[in-house]
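Asker: From first to last, the protein sequence lines are chains A and B. For the record, in the first sequence the residue sitting at position 162 is 826 according to my numbering, with numbers rising by one throughout. For the record, in the second sequence the residue sitting at position 300 is 964 according to my numbering, with numbers rising by one throughout.
Number of protein chains: 2
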Amino acid sequence: MPIIPVILSGGSGTRLWPLSRDSKPKQFLNFGSEHSLIQETALRCQSEIFDPRPIFVCAESHRFLIAEDLLNIGVSADILLEPARRNSCAAITAGCLCAIARNPEAIVLVLAADHQIPDIAAFSKAVSQATKDADTGHLITFGIQPTKPATGYGYILPGGQISNHDCYKVEKFVEKPDQKTAEKYIQDGYLWNSGNFLFKAQSFIDEMMILAPEILKAVQEAHQKAESDLDFLRLEKDAFERSPSISVDYAIMEQTKKAAVFTVDYQWSDVGSWEAVWEVSNKSDAGNVVIGDAEIVDGRNNIVHSVGKLTTLVGIDDVAVITTSDAVLVTSKSQAENVKKLVTNLQDNGRVEANEALKIFRPWGNYERLDMDDQYQVKRIVVTPGGVLSLQKHRLRSEHWVVVSGNPEVTIDDDVRTLEPNQSVYVPLGAVHRLANHGKEPVVLIEVQTGDYLGEDDIIRLEDVYNRNSDS
Amino acid sequence: MPIIPVILSGGSGTRLWPLSRDSKPKQFLNFGSEHSLIQETALRCQSEIFDPRPIFVCAESHRFLIAEDLLNIGVSADILLEPARRNSCAAITAGCLCAIARNPEAIVLVLAADHQIPDIAAFSKAVSQATKDADTGHLITFGIQPTKPATGYGYILPGGQISNHDCYKVEKFVEKPDQKTAEKYIQDGYLWNSGNFLFKAQSFIDEMMILAPEILKAVQEAHQKAESDLDFLRLEKDAFERSPSISVDYAIMEQTKKAAVFTVDYQWSDVGSWEAVWEVSNKSDAGNVVIGDAEIVDGRNNIVHSVGKLTTLVGIDDVAVITTSDAVLVTSKSQAENVKKLVTNLQDNGRVEANEALKIFRPWGNYERLDMDDQYQVKRIVVTPGGVLSLQKHRLRSEHWVVVSGNPEVTIDDDVRTLEPNQSVYVPLGAVHRLANHGKEPVVLIEVQTGDYLGEDDIIRLEDVYNRNSDS
Chain A
665 MPIIPVILSG GSGTRLWPLS RDSKPKQFLN FGSEHSLIQE TALRCQSEIF DPRPIFVCAE
725 SHRFLIAEDL LNIGVSADIL LEPARRNSCA AITAGCLCAI ARNPEAIVLV LAADHQIPDI
785 AAFSKAVSQA TKDADTGHLI TFGIQPTKPA TGYGYILPGG QISNHDCYKV EKFVEKPDQK
845 TAEKYIQDGY LWNSGNFLFK AQSFIDEMMI LAPEILKAVQ EAHQKAESDL DFLRLEKDAF
905 ERSPSISVDY AIMEQTKKAA VFTVDYQWSD VGSWEAVWEV SNKSDAGNVV IGDAEIVDGR
965 NNIVHSVGKL TTLVGIDDVA VITTSDAVLV TSKSQAENVK KLVTNLQDNG RVEANEALKI
1025 FRPWGNYERL DMDDQYQVKR IVVTPGGVLS LQKHRLRSEH WVVVSGNPEV TIDDDVRTLE
1085 PNQSVYVPLG AVHRLANHGK EPVVLIEVQT GDYLGEDDII RLEDVYNRNS DS
Chain B
665 MPIIPVILSG GSGTRLWPLS RDSKPKQFLN FGSEHSLIQE TALRCQSEIF DPRPIFVCAE
725 SHRFLIAEDL LNIGVSADIL LEPARRNSCA AITAGCLCAI ARNPEAIVLV LAADHQIPDI
785 AAFSKAVSQA TKDADTGHLI TFGIQPTKPA TGYGYILPGG QISNHDCYKV EKFVEKPDQK
845 TAEKYIQDGY LWNSGNFLFK AQSFIDEMMI LAPEILKAVQ EAHQKAESDL DFLRLEKDAF
905 ERSPSISVDY AIMEQTKKAA VFTVDYQWSD VGSWEAVWEV SNKSDAGNVV IGDAEIVDGR
965 NNIVHSVGKL TTLVGIDDVA VITTSDAVLV TSKSQAENVK KLVTNLQDNG RVEANEALKI
1025 FRPWGNYERL DMDDQYQVKR IVVTPGGVLS LQKHRLRSEH WVVVSGNPEV TIDDDVRTLE
1085 PNQSVYVPLG AVHRLANHGK EPVVLIEVQT GDYLGEDDII RLEDVYNRNS DS
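#1: Out of A:Pro-1072, A:Asn-965, A:Gln-780 and A:Glu-839, which one is the CA nearest neighbour of Gly-1050 (chain A)?
#2: Bridge partners of Ile-869 (chain B), per DSSP?
#3: Quick one: does Ala-1100 (chain A) have its CB under 7 Å from some CB of chain B?
#4: Determine, for Gln-1011 (chain A), whether the minimum Cβ-Cβ distance to residues of chain B falls below 7 Å.
#5: Use the C-beta contact count for Ser-673 (chain A): other C-beta atoms within 10 angstroms, 16 or more gives buried, fewer gives exposed.
#6: What residues of chain B sit near Pro-1085 (chain A), judged by a beta carbon separation below 9 Å?
#7: Which residues in chain B have a C-beta closer than 7 Å to the C-beta of Gly-611 (chain A)? List them in chain order.
#8: Spatial neighbours of Val-670 (chain A) within its chain, please: C-beta separation below 6 Å, excluding the five flanking residues on both sides.
#9: Applying the 10 Å Cβ sphere with the 16-neighbour rule, what's the burial state of Ser-996 (chain A)?
#10: Excluding the five sequence neighbours on either side, which residues of its own chain have a C-beta within less than 6 Å of the C-beta of Gln-1087 (chain B), listed in chain order?
#11: Kindly indicate which residue of A:Asp-962, A:Asp-830 and A:Trp-1065 has the alpha-carbon position closest to the one of Glu-1164 (chain B).
#12: Please check if any C-beta of chain A sits within less than 7 Å of the C-beta of Leu-974 (chain B).
#13: I'd like to know whether the C-beta atoms of Lys-889 (chain B) and Glu-900 (chain B) end up nearer to each other than 7 Å.
#14: Is it true that the CB of Pro-682 (chain B) sits closer than 7 Å to the CB of Ile-986 (chain B)?
#15: Quick check on Ile-667 (chain B): does DSSP put it in helix, strand or coil?
#16: Within 7 Å (strictly less), CB to CB, does Arg-1063 (chain A) reach chain B?
#17: Looking at the unbroken beta strand (DSSP E) that takes in Thr-988 (chain A), where does it start and where does it end?
#18: Below 8 Å, can you find three or more Cβ-Cβ pairs linking the region 865 to 878 of chain A to the region 783 to 791 of chain A?
#19: Taking just the CA atoms, how far does Lys-881 (chain B) sit from Gly-1160 (chain B)?
#20: Taking only the alpha-carbon atoms, compute the straight-line gap between Asp-686 (chain A) and Asp-1128 (chain B) and give it to the nearest angstrom.
#21: Helix, strand or coil: which one does DSSP assign to Thr-757 (chain B)?
#22: Have a look at the DSSP bridge pairing and note the partners of Pro-822 (chain A).
#23: Would you mind sorting Leu-1099 (chain B) into buried or exposed? The rule is 16 or more other CB atoms within 10 Å of its CB.
#24: Of the residues that make up the region 954 to 971 of chain B, which ones have a beta carbon closer than 7 Å to any beta carbon in chain C?
#25: Under a Cβ-count criterion, where at least 16 other Cβ atoms within 10 Å of its own Cβ denotes burial, should Asn-1101 (chain A) be classed as buried or exposed?
#26: When you check each C-beta in the region 1069 to 1084 of chain B against every C-beta of chain A, which residues fall closer than 8 Å?
#27: Establish whether the CB of Ile-1110 (chain B) and some CB of chain A are separated by less than 7 Å.
#28: Tell whether a beta-carbon distance below 7 Å holds between Ser-676 (chain B) and Ser-911 (chain B).
#29: Output yes if chain B places a C-beta closer than 7 Å to the C-beta of Glu-1105 (chain A); else output no.
#30: Taking 7 Å as the cut-off, decide whether the C-beta atoms of Ala-748 (chain A) and Glu-905 (chain A) are in contact.
#31: Where Val-971 (chain B) and Asp-957 (chain B) are concerned, what is the direct C-alpha to C-alpha distance, given to the nearest angstrom?
#32: The beta strand (DSSP E) with Lys-848 (chain A) in it runs from where to where?
#33: Between the region 848 to 863 of chain A and the region 811 to 824 of chain A, are three or more C-beta pairs nearer than 8 Å?
#34: Roughly how many angstroms separate the alpha carbons of Ala-1021 (chain A) and Lys-688 (chain A), rounded to a whole number?
#35: With the cut-off set at 7 Å, would you say Arg-1059 (chain B) and Asp-1122 (chain B) are in Cβ contact?
#36: Cβ closer than 9 Å: which chain A residues qualify as neighbours of Ser-1088 (chain B)?
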């Protein structure tokens, strides 16, 4: 019986800020691969032991990112939308209920969408072997043979062997250690806790009934009342929000007597810091990892990620320098944990850079702010072929559009026409308008907005093919 | 008799890249002051001992920058334009000839435009005292009492006392030392060589006749044939280019028997590295210097200069991080000398960022590229009140202008009109056009260029109030 992958896309990945932001977190980024981490995760589960239709559990606001990523690799999936963040236990419960609806006997493999496991064959083999122990009702976590005394991971101490495979009782789970403790853990045979699990969906639900009935009840109701919306299954908000927010480790794995750890020694990373990205990336002779446009004079063991402008390093070692169009981060690689603290500070100060990138992704394409002032704002708008913006109007701004490529269909009040590159059009304040791309090439246009208020919330949607609220 | 300041604005300041670039070098930037370094230098020479009309020697391409900086502080000057870079000896010679033309007995104070001396009273007092030794024909260099064994400066060993002031014979000049040698210099009573001089202009010219007659002859001819152009005196190109390119230290000061050193102990810096900027700037309790928009978590003794976007530092000490709209520099403060090497590398690779900033200054205002691609380019154009662009046309591009503030007068072929904010206009390929601001507020407009070639050199100037070549 094929294993159903349940892929959790719940993280916000603030440790990889400013590249990763709430508006496009880590799982949607690619690190030295043509595929994003979530695409790699999906592709990792396409061998014959898996049901080819994985189940994703993701935040409402990321649904178009995930749909586009899956479309681009030709993977069909059930996508469960969480109306609120309720941590991993609720998310896994929802995934299990979805799997049971497909097959009451289903075995599920629970994976984080933002981890990296390069050796797919070793991964598939381990999952396949562990299935035998899942069949007997164990809740299996994958324990990774450590390659160094990492302080960024939790650890597991394995106990007595369960079967003639690499499957053991769990002696104990422990939190992220300090350096010295981590070294002792390595000597004592502890394993990294990968946060990836394998079990029969019903075994998990049975344990939920005993150990976390409140979560189970809330998620069951949210799942029963869920509504289909395009390719998505939208969990019911009120019920889901009643679920306590708690991790699966605390709620189940550390409590259940059915916990088991399956030891593996393939390369695994949670890509949880810029140092981790440096570790898994190809390096120059001087140990530098360079992604994008950068120049290094007399520097070693650095990681530079530069989008849209030149980043230069002179006479400096062991740093991470991340340049994006609106924010730059410079950090000692070893200090990466503090990046999360920085992002929290920025959030507390109401800085938009904390969560949102300048380039904003929408189901119809994307836009990026190029310039702004009190009285105007300049954006580059890209509409992908087939993309249609909502029929809308603004109360406080007018817009000028200059087409630089593609052939947009422009509706302004009763006038509908298709423009050529180098044509421009004016959208007066209050005019009902729509932009659509029925061509085969992307439409690129420069929009100049003028007015007394230029916030994204000055938009009245009259008709939207994507059924969006005003803020998504 | 008042002293005539001769202020040399010849440096390109690559050690402060990417803030300082050939298109707007260090002397035109401000560091913790409302005034640029060149403005501070001019204002330093406005006490009663000075002729209120200084002489500036500067590169042709910087003439509008210097004129605007002087206009803004209400200082009138003679501005000599160098048609080529021929190092400090030729520049000082030109300045002396200009001073002699004003008064054959003139005493000149030669200052670099890009040094910092905060204590104006101490400075004026020293200059005033040193005048007595200049009167007797000495070529005086100012030697600064060192405050640390700096490796970025040349040193002077003073010899026997010349007068009852702090004026001494020069025992020897020495080049920038390594750390150990610098420490020995300090013990042995060496002084920093400030590169600032005081002498009778004629005393200097007399020594030129003996020690550097070829330079003198070339510069004399360039000065005789110089042409007035608006507020500038343009040295004649062919003659000036015949001058050997050599520093005043090599050509004169290290050769002449009339050299003297006047010792001073006021605070002086050549602001020659990001470490030097850090040293002269106000610091937080943690020793951080922050200019612009930055956030530091757990970092000490850093300097951050951030223009137009957020720059963040996490868990890192003793670095300089400079963020501009098109380039970022991260360097260990102690390694600042290598920044020059980086800029040379960038120049060798043909990188426009090496010399030009995105924001380009013109006599009529400035412009900045916001976005570009093969087929289009977006610029923000600011025309200052009274600014007039040349009457021009383009062979390969058309332009869309959207006015966001001010009231530009727009000429397109035979049509002349004044636009309001939120109006737009199209400039077809080949149309003769001009933009002018006859209002009292700056004009800001967004220009979208489309075409097969978008280089700055696709411009045919038909009429230009500023008498420019196509490349300035």
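Backbone N, C-alpha and C fix where the C-beta goes; we use that ideal spot for every residue, glycine too.
Answerer: From the atom records:
#1: For the residues A:Pro-1072, A:Asn-965, A:Gln-780 and A:Glu-839, the minimum Cα distance to Gly-1050 (chain A) belongs to A:Pro-1072.
#2: The partner list for Ile-869 (chain B) (beta bridge, DSSP) is empty, contrary to what the question assumes.
#3: So, not an interface residue.
#4: No, its Cβ sits nowhere closer than 7 Å to a Cβ of chain B.
#5: Here Ser-673 (chain A) is buried. Its C-beta has 16 or more other C-beta atoms within 10 Å.
#6: Within chain B, the residues near Pro-1085 (chain A) are Gln-1039, Tyr-1040 and Thr-1114.
#7: There is simply no residue 611 (chain A) to check, as chain A begins at 665 and stops at 1136 in what is shown.
#8: Excluding sequence neighbours, Val-670 (chain A) sits near Ile-719, Gly-759, Val-772 and Val-774.
#9: Burial check for Ser-996 (chain A): the Cβ neighbour count within 10 Å reaches 16 or more, so the residue is buried.
#10: Val-1067.
#11: Because chain B in this structure spans residues 665 to 1136, residue 1164 (chain B) falls outside the shown range and cannot be described.
#12: Output row for Leu-974 (chain B): interface = yes.
#13: Going by C-beta atoms, Lys-889 (chain B) is nearer than 7 Å to Glu-900 (chain B).
#14: Ile-986 (chain B) is a Cβ neighbour of Pro-682 (chain B), given a cutoff of 7 Å.
#15: Strand, per DSSP.
#16: Looking at the sequence provided, one finds Glu at residue 1063 (chain A) rather than Arg. Interface with chain B (7 Å Cβ-Cβ cutoff): Glu-1063 (chain A) is excluded.
#17: First-last for Thr-988 (chain A): undefined, no H or E at that position.
#18: The answer is no - the region 783 to 791 of chain A does not touch the region 865 to 878 of chain A, with fewer than three Cβ pairs under 8 Å.
#19: The requested residue 1160 (chain B) is not part of the displayed model; chain B covers only 665 to 1136.
#20: About 51 Å.
#21: Assignment of Thr-757 (chain B) by DSSP, reduced to helix, strand and coil, places it in the helix class.
#22: DSSP, once it has assigned bridges, lists A:Val-834 as partnering Pro-822 (chain A).
#23: Looking at its Cβ environment, which holds 16 or more other Cβ atoms inside 10 Å, Leu-1099 (chain B) is buried.
#24: Protein chains in the displayed structure are A and B, and chain C is not among them.
#25: By the neighbour-count criterion, in which 16 or more other beta carbons inside 10 Å mark a residue as buried, Asn-1101 (chain A) falls on the buried side.
#26: For the region 1069 to 1084 of chain B, the set of residues with a beta-carbon nearer than 8 Å to any beta-carbon of chain A comprises Ser-1069, in chain order.
#27: By this cut-off, Ile-1110 (chain B) is an interface position.
#28: No.
#29: Taking Cβ atoms only, chain B never reaches closer than 7 Å to Glu-1105 (chain A), which makes this a no.
#30: Result yes, Cβ atoms of Ala-748 (chain A) and Glu-905 (chain A) sit closer than 7 Å.
#31: Going from the Cα of Val-971 (chain B) to the Cα of Asp-957 (chain B) covers about 7 Å.
#32: Note, Lys-848 (chain A): premise wrong, no beta strand (DSSP E); alpha helix (DSSP H) at 843 to 851.
#33: Between the region 848 to 863 of chain A and the region 811 to 824 of chain A, the count of Cβ pairs shorter than 8 Å is three or higher; the stretches touch.
#34: If you take the alpha carbons of Ala-1021 (chain A) and Lys-688 (chain A), they lie about 8 Å apart.
#35: Yes; because the gap between Cβ atoms is below 7 Å, this pair is in contact.
#36: Going along chain A in sequence order, the residues near Ser-1088 (chain B) (Cβ under 9 Å) are His-1064, Val-1066, Ser-1088, Tyr-1090 and Val-1112.
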